[in-house]
Ligand code: F0G
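What follows is the structure, given as structure tokens:
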């Protein structure tokens with residue numbers, strides 16, 4: 174375990190409960206010293222590529238999982254026969270032909286991490302962290318969450334026979350996610366505060382009770398989440414895209430994907446890493462402000478406001494890691510408005526794919542990067558869609574019924590909203606009325 178702040182290394186057994194360095198307060202990451210040693214001592218790239226693909230036809234859980242079939246890249250458990258898996262990963266990489274045409278891009282794809290067992294990318298990290306927790310004999314796990322982490326943790330903990338404690342901001346998370354935590358049997362406490370308040374309470378609880386922290390400061394979560402990078406490379410026949418666009422909340426996922434791509438390059442599996450850009454909602458933009466106002470050297474917490482509740486985070490834990498990945502890969506940060514998010518979400522829906530609001534910031538942000546000339550027509554782009562459209566159906570229905578955005582929010586994007594809203598129309602049970610609507614739309 175290496176501290177990402179002061180570079181001090183410790184053995185995994187010495188990790189503090191907070192997963193923060195006792196010397197500098199920064200977060201740890203898993204490091205594999207053998208990989209920087211002599212070439213002959215490192216895994217062979219061609220053999221790995223063959224093995225990883227071959228495992229997909231095996232009947233073993235560890236082989237079929239889109240996380241554990243890459244286990245040479247995350248040697249973090251002692252026994253692969255005892256991992257806790259729900260068959261995560263192996264998610265689709267879709268073309269987005271209509272969005273590509275509108276943006277005049279030749280290669281635009283979406284890696285849909287919402288197609289995981291509990292409907293979000295969190296499952297890829299959770300299988301790793303819960304498997305480690307079970308090996309360590311942990312009895313309770315806990316997280317503070319905007320919804321997806323809690324849904325995922327509750328499911329994996331239940332599978333492992335570990336009890337789970339969830340702290341979520343009352344009234345601030347999408348119903349689909351809250352229902353999942355309850356369904357999977359977590360002790361689900363809705364605190365009268367925001368996400369950042371839940372994190373503060375949990376950090377005290379972790380110090381005073383025998384619970385293992387499962388937020389993304391847990392370095393094993395990052396190890397699991399980095400495997401999406403391996404899948405993308407594999408799905409593109411080991412050609413890396415030019416750009417990867419990721420939503421930014423607590424800022425662990427952007428750093429996890431960066432770690433994955435940089436490790437592949439280190440081992441000679443690929444020749445380069447993509448530029449990794451992070452997109453935030455305008456009302457929850459602490460990283461954007463940090464980069465613009467302080468060159469990424471300092472971050473001032475904000476009071477977060479956005480309807481994309483998954484990324485309603487004002488004081489992100491992993492911001493330093495994210496800054497490093499953006500700088501190392503040559504990516505950018507951008508922010509998008511509520512109307513831009515809503516339109517982008519409807520466009521992703523109209524591709525027959527769909528995603529939750531937080532995921533749609535990627536397409537909204539891409540439009541801005543293209544407009545600014547940062548991404549060219551010939552370059553390949555992969556958007557990371559982090560959550561399933563069914564996570565937050567209220568948002569979708571309100572948008573199409575014209576009840577989501579205020580007049581002021583909609584003003585700048587009126588034509589786009591008009592184009593993407595599939596009016597939620599209510600009629601009497603009349604054949605003529607239905608035919609009239611059909612004719613109206615056919616014109
Ligand atoms: N997209 C979705 C759907 C999310 O649920 C999250 C984070 C993010 C993007 C941002 O990822 O935090 O790694 O930058 N959700 C967390 C949760 C915070 O509690 O479910 P990040």
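Numbering (this note's numbering), first residue to last: 174 to 616.
Positions of the beta carbon are idealized from the N, C-alpha and C atoms, including for glycine.
Legend entry - Cβ-Cβ separation, residue 331 to residue 358 (assumed contact under 8 Å), whole Å: 5 Å
Inset, instruction - Closer than 7 Å by C-beta to residue 542: which residues in its own chain qualify, once you throw out the five before and the five after it? Chain order, please. - result: 450, 505, 507 and 548
Inset, instruction - Go through its chain and collect everything with a Cβ distance to residue 464's Cβ below 8 Å, but skip five positions before and after it. - result: 496, 499 and 506
Inset, instruction - State the Cα-Cα distance for the pair residue 325 and residue 348, rounded to the nearest angstrom. - result: The alpha-carbon atoms of residue 325 and residue 348 are separated by roughly 14 Å.
Inset, instruction - Measure the Cβ-Cβ separation of residue 249 and residue 314 and say whether it is below 8 Å. - result: Cβ atoms of residue 249 and residue 314: not closer than 8 Å.
Legend entry - At least three beta-carbon pairs within less than 8 Å, the segment 368-377 to the segment 267-274: no
Inset, instruction - May I ask you to check if the CB of residue 424 is nearer than 7 Å to at least one heavy atom of the ligand F0G? - result: yes
Inset, instruction - Excluding the 5 residues preceding and the 5 following residue 476 in the sequence, name in chain order all residues of the same chain whose CB lies nearer than 7 Å to its CB. - result: 487
Legend entry - Contiguous beta strand (DSSP E) assignments of at least 3 residues, all confined to the segment 459-521: 506-509
Inset, instruction - Under the assumption that residue 418 contacts residue 562 (Cβ atoms under 8 Å), give the Cβ distance between them as a whole number of angstroms. - result: Going by Cβ atoms, the distance from residue 418 to residue 562 rounds to 18 Å, so no, they are not a contact pair.
Inset, instruction - Taking only heavy atoms of the ligand F0G into account, decide whether any of them is closer than 7 Å to the Cβ of residue 484. - result: yes
Legend entry - Counted within 10 angstroms of its Cβ, other Cβ atoms place residue 492 as buried (16 or more) or exposed: buried
Inset, instruction - Could you pull out every residue in the same chain whose Cβ sits closer than 6 Å to the Cβ of residue 361, ignoring the five residues on either side in sequence? - result: Counting only Cβ-Cβ distances below 6 Å, and skipping sequence neighbours, we find 339, 354 and 355.
Legend entry - Top-ranked residue by Cα proximity to residue 406, from 577, 494 and 263: 263
Legend entry - Proximity to residue 412 [Cα-Cα], best of 270, 223 and 438: The closest CA to that of residue 412, considering only 270, 223 and 438, is found on 438.
Legend entry - Cβ-based burial, residue 551 [other Cβ within 10 Å; buried from 16]: Exposed, because fewer than 16 other Cβ atoms sit within 10 Å of the Cβ of residue 551.
Legend entry - Pick from 555, 227 and 192 that is closest to residue 279, judged by C-alpha positions: The shortest Cα separation from residue 279 among 555, 227 and 192 belongs to 555.
Inset, instruction - Specify whether the segment 214-233 and the segment 285-296 touch according to this definition: at least 3 beta carbon pairs, one from each stretch, less than 8 Å apart. - result: Touching, no.
Legend entry - Sequence-distant residues of the same chain with beta carbon closer than 8 Å to residue 582, five excluded per side: Around residue 582: 510, 511 and 512.
Inset, instruction - Closer than 6 Å by C-beta to residue 304: which residues in its own chain qualify, once you throw out the five before and the five after it? Chain order, please. - result: 250, 256 and 257
Legend entry - Cβ distance (whole Å) where residue 423 is taken to contact residue 302 below 8 Å: No, residue 423 and residue 302 are not in contact; Cβ-Cβ is about 15 Å, not under 8 Å.
Legend entry - Spatial neighbours of residue 190 in its chain, beta-carbon cut-off 7 Å, leaving aside the 5 residues before and after: 379, 380 and 386
Legend entry - Option nearest residue 579 by Cα separation, candidates 524, 479 and 614: 479
Legend entry - Span of the alpha helix (DSSP H), counted from its first residue to its last, around residue 378: 368-381
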